[in-house]
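Numbered by this note's numbering, the letters in the sequence shown go through residues 220 to 520 in order.
A virtual CB, placed ideally from N, CA and C, is assigned to each residue, including glycine.
In this text, all values refer to a predicted model and were calculated from it rather than measured experimentally.
Some notes on the structure that comes next.
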Amino acid sequence: MKVKWMPLLVIPMLLLGACGEQTAETALNVTGGKSASAQMNDTLAQLKSDGYATVGFANENPYAYKTAEGELTGEAVEIARVVLKRIGVEDIRGELTEFSSLIAGLQASRFDLITAGMFINPDRCKTVLFADPEYSIGEGLAVKEGNPLKLTSYKAIADQPDVKVAVMAGAVEIGYLKASGVADNQMVIVPDQDAAVSALQSGRADAMTMTGPALQSRLDGAKDGSIERVMDFEQPVVDGKSVRGYGATAFRMEDAALRDAFNAELAKMKESGELLEILKKFGFTEQELPGDATAAELCGS
């Protein structure tokens, strides 16, 4: 499927992202004076009429990314492609932006939904509507070959003040690192996954962290024997709870009808096994299925 690429003026701002943070105060009013109920109904009808939806993505493999041939794919994209077609929206177009600006772009109506494997968390739930989760994963850590600094957890990084870890701007890993005692000056904040790999390869960072599947994908792509994944990495625990994350498609707050229609089809895909078949194409396994978790539960509502 060839994808028409659309220009984007990125508005940099600090958000909690894969995968970050944003408060309700940053939400933008995009209803144009319409009532909430009218807006909810209008979006789905408009997308059907247009024949396509525009999705925001951050070029993160395996969630949503542009191939060498210029096509848009990834687990989040392909799930959305199937679901949208079944609710009457025939095609999707991609609009690339930095991960930390995705929520702002959605609120400003630069795209209709976010397909970026974005983690559901209570802070984000204040500003966007999430579909039910499509996958569940933990964190990953990569280091120099042989793990010379013996980094097997975020706490191990915190215990060595001179150690630097590369992490993507706006990603939830920043919060996890801080909760584990990692200082701000130990973090090398990078704009994307490729920059994290470069930071580790060049020695600007001693480690890099992102979600497990994303990390494995970047290492597979780098084909660099001088860096490796920490296979005995200990998942961080924050406030007594595992940080295992649940990723989902995100919608504007006023687009509940679109979100609900999306959820109905997603549930059918989970039940039939079709969801797992799509996930497998991008390196996920049964271990990454979301189970019975819902957005409502994960948002704390």
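Task: Boundaries (first-last residue) of the alpha helix (DSSP H) holding Met488 - done: Translated into positions along the sequence shown, residue 488 becomes position 269. Looking at the DSSP string, the run of the alpha helix (DSSP H) that includes Met488 is Ala475 to Ser491.
Open item on the list: Assuming the contact rule is C-beta atoms closer than 8 Å, Ile311 and Ala295 should be a hit. Round their C-beta distance to whole Å, please.
Closed with: The count along the sequence shown starts at 1 and reaches residue 311 at position 92. The count along the sequence shown starts at 1 and reaches residue 295 at position 76. Ile311 to Ala295, Cβ: 11 Å. No contact.
Task: Identity of the residue in Glu473, Leu517, Val362 and Asp331 nearest Ala415 by Cα - done: Along the sequence shown, one-based indexing puts residue 415 at 196. Out of Glu473, Leu517, Val362 and Asp331, Val362 has the C-alpha closest to the C-alpha of Ala415.
Task: Of the listed residues Phe330, Gly324, Leu263 and Tyr284, nearest to Arg305 (C-alpha basis) - done: Mapped onto the sequence shown, residue 305 falls at position 86. Nearest of Phe330, Gly324, Leu263 and Tyr284 to Arg305, Cα basis: Leu263.
- [ ] Could you check which residue in Asp458, Lys374, Arg471 and Leu508 has the C-alpha nearest to that of Leu325?
- [x] On the sequence shown, residue 325 is found 106 positions in, with the first residue counted as 1. Among Asp458, Lys374, Arg471 and Leu508, the Cα nearest to that of Leu325 belongs to Arg471.
Open item on the list: Taking a contact to mean a Cβ-Cβ separation below 8 Å, would you say Ala469 touches Phe349 in this structure?
Closed with: For the purposes of this step, residue 469 is taken as the residue at position 250 of the sequence shown. For the purposes of this step, residue 349 is taken as the residue at position 130 of the sequence shown. Yes.
- [ ] Specify whether the region 373–386 and the region 504–513 touch according to this definition: at least 3 beta carbon pairs, one from each stretch, less than 8 Å apart.
- [x] No, because fewer than three Cβ pairs between the region 373–386 and the region 504–513 fall closer than 8 Å, the two stretches do not touch.
Task: Assigned exposure category for Met450 - 16 Cβ within 10 Å defines buried - done: Translated into positions along the sequence shown, residue 450 becomes position 231. Taking all protein chains in view, the Cβ of Met450 is surrounded by fewer than 16 other Cβ atoms within 10 Å, so the residue is classified as exposed.
- [ ] Reducing DSSP to helix, strand and coil, say where Arg300 ends up.
- [x] In the sequence shown, counting from the first residue as 1, residue 300 sits at position 81. The DSSP-derived three-state label of Arg300 is helix.
Open item on the list: Check this for me: beta carbons of Ala388 and Val409, under 8 Å apart or not?
Closed with: In the sequence shown, counting from the first residue as 1, residue 388 sits at position 169. In the sequence shown, counting from the first residue as 1, residue 409 sits at position 190. Cβ atoms of Ala388 and Val409: closer than 8 Å.
Task: Secondary structure of Val382, DSSP reduced to three states - done: For this step, residue 382 is matched to residue 163 along the sequence shown. Shown here, Val382 sits in coil according to DSSP, grouped into three states, outside any helix or strand.
TODO: Under 8 Å Cβ to Cβ from Pro380, same chain only, skipping five residues before and after it: list those, please.
DONE: Walking along the sequence shown from the start, residue 380 turns up at place 161. The answer, listed in chain order, is Ala402 and Gln405.
Open item on the list: Let's see if you can read the secondary structure: which residues bound the beta strand (DSSP E) around Leu315?
Closed with: The residue labelled residue 315 in the question sits at position 96 within the sequence shown. Counting along the chain, the beta strand (DSSP E) containing Leu315 begins and ends at Asp310 to Leu315.
TODO: Report, in whole angstroms, the separation of the C-beta atoms of Ala424 and Ala385, which I expect to be a contact under 8 Å.
DONE: If you number the sequence shown from 1, residue 424 lands on position 205. If you number the sequence shown from 1, residue 385 lands on position 166. With a Cβ gap of about 4 Å, Ala424 and Ala385 count as contacting.
Task: Through-space distance from Ile356 to Gly293, alpha-carbon basis - done: The residue given as residue 293 occupies position 74 in the sequence shown. The residue given as residue 356 occupies position 137 in the sequence shown. Near 16 Å, if we compare the C-alpha coordinates of Ile356 and Gly293.
- [ ] Quick one: residues in its chain with C-beta nearer than 6 Å to the C-beta of Ser445, no 5 flanking neighbours on either side, listed in chain order?
- [x] As a working mapping, residue 445 is identified with position 226 in the sequence shown. Residues of the same chain with a CB within less than 6 Å of the CB of Ser445, apart from the 5 flanking positions on each side, are Glu364 in chain order.
TODO: Determine the direct distance from the alpha carbon of Ala287 to that of Gly313, and round the result to whole angstroms.
DONE: Position 94 of the sequence shown, counted from the first residue, corresponds to residue 313. Position 68 of the sequence shown, counted from the first residue, corresponds to residue 287. Cα to Cα, the separation comes out at about 15 Å.
TODO: Could you tell me which uninterrupted beta strand (DSSP E) segments, each at least 3 residues in length, are contained entirely in the region 411–457, listed from first to last along the chain?
DONE: List check, beta strand (DSSP E) in window: 426–430 and 446–448.
- [ ] Closer than 8 Å by C-beta to Gly431: which residues in its own chain qualify, once you throw out the five before and the five after it? Chain order, please.
- [x] Within the sequence shown, numbered from 1, the residue matching residue 431 stands at position 212. Result list for Gly431: Ile356, Gly357, Glu358 and Gly359, in chain order.
TODO: Within the same chain, show all residues whose beta-carbon is closer than 8 Å to that of Gln420, passing over the 5 residues directly before and after it, in chain order.
DONE: The count along the sequence shown starts at 1 and reaches residue 420 at position 201. Closer than 8 Å at the Cβ level, and outside the excluded window around Gln420, lie Ala441, Asp443, Ser445 and Ile446.
Open item on the list: Taking the beta strand (DSSP E) that Leu368 belongs to, which residues open and close that run?
Closed with: To locate residue 368, count along the sequence shown from 1; it is residue 149. Per DSSP, Leu368 is not a residue of any beta strand (DSSP E), being assigned neither H nor E.
Task: C-alpha distance - Gly510 paired with Asn482, whole-angstrom precision - done: Sequence index remark: in the sequence shown, residue 510 carries index 291 (1-based). Sequence index remark: in the sequence shown, residue 482 carries index 263 (1-based). It is roughly 14 Å from the alpha-carbon of Gly510 to the alpha-carbon of Asn482.
Task: Three-way DSSP call (helix, strand, coil) for Phe318 in this model - done: Numbered from 1 along the sequence shown, position 99 holds the residue referred to as residue 318. In the structure shown, the three-state DSSP call for Phe318 is helix.
Open item on the list: Checking 8 Å against the spacing of the C-beta atoms, do Ala335 and Leu303 come in under that value?
Closed with: One-based indexing of the sequence shown puts residue 335 at position 116. One-based indexing of the sequence shown puts residue 303 at position 84. No, the pair does not count as a contact, with Cβ atoms beyond the cut-off.
Task: Glu392 - containing alpha helix (DSSP H), residue span - done: Taking the first residue of the sequence shown as position 1, residue 392 is located at position 173. Start and end: Glu392 to Ala398.
Task: Same chain only: Cβ atoms within 6 Å of Leu396, ignoring 5 sequence neighbours per side - done: Counted from its first residue, the sequence shown places residue 396 at position 177. Cβ within range, chain order: Tyr373.
TODO: Please name the residue or residues paired with Met406 in a DSSP beta bridge.
DONE: The residue given as residue 406 occupies position 187 in the sequence shown. BP columns for Met406 point to Val384.
- [ ] State the DSSP-derived secondary structure class of Tyr354, mapped to helix, strand or coil.
- [x] Position 135 of the sequence shown holds residue 354. If DSSP states are grouped into helix, strand and coil, Tyr354 belongs with the strands.
Open item on the list: My output table needs one value for Gly324: the three-state DSSP class, helix, strand or coil.
Closed with: Against the sequence shown, residue 324 aligns to sequence position 105. In this structure, Gly324 counts as helix in the three-state DSSP scheme.
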